[in-house]
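Notes to accompany the following structure.
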Amino acid sequence: MQKKYKLIEGGVVDVANNISIPENEKNRHWKEFKKWESKGNKPDPIETSKEKADRVQAEETAAALKTARDASEFNGLSTTDAEALIDSKLDSASTVAALKTAVKDVLKGLFPLIQK
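Set out below in structure tokens:
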């Protein structure tokens, strides 16, 4: 498989490995990219503001759909099963931001049931 890179502010991304490579002559990945580029290869262009807005909108839509789907996960669950589902969501959070998101998702899933 041929290498593929995408320009980002301050460097490139190795698309296949999803590695952000800073523009630094001492960085071995940057050296590899420059060698690849010297052979006439061209990286994909930097993301435009419209492309970024479209991507963010798509991510937000996907998150909203996930929240709606998660809310339906709680319907019909026993208390024990609901607790296990909540635990699994919280345990999978690896950062504070992810933990906040997991808590919000759990609350969004519980609100429709509380309002019944």
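The sequence shown lines up with residues 219 to 334 when you count with our numbering. We put the beta carbon where it would ideally sit given N, CA and C, even for glycine.
- In this structure, Val274 lies away from Phe251, with their beta-carbon atoms at least 8 Å apart.
- Judged by DSSP secondary structure, Ser256 falls within the alpha helix (DSSP H) whose first and last residues are Arg246 to Ser256.
- Between Ile226 and Ile264 the beta-carbon gap is near 6 Å, inside 8 Å, which marks them as a contact.
- For Val324, same chain residues with a beta-carbon under 7 Å away, outside a window of 5 residues either side, are Ile304 and Lys307 in chain order.
- In summary, Ile239 is buried, with 16 or more beta-carbon neighbours lying within 10 Å of its beta-carbon over all protein chains present.
- Spanning the alpha carbons of Ala320 and Ala282 requires a straight line of approximately 13 Å.
- In the DSSP assignment, Asp232 falls within the unbroken beta strand (DSSP E) covering Gly229 to Asp232.
- In the three-state scheme derived from DSSP, where H, G and I count as helix and E and B as strand, Ser296 is classed as coil.
- Of the candidates Lys268, Ala271, Ser310 and Lys222, the residue whose Cα lies closest to the Cα of Gly258 is Lys222.
- Taking a C-beta distance under 8 Å as the contact criterion, Lys224 and Val233 qualify as a contact pair.
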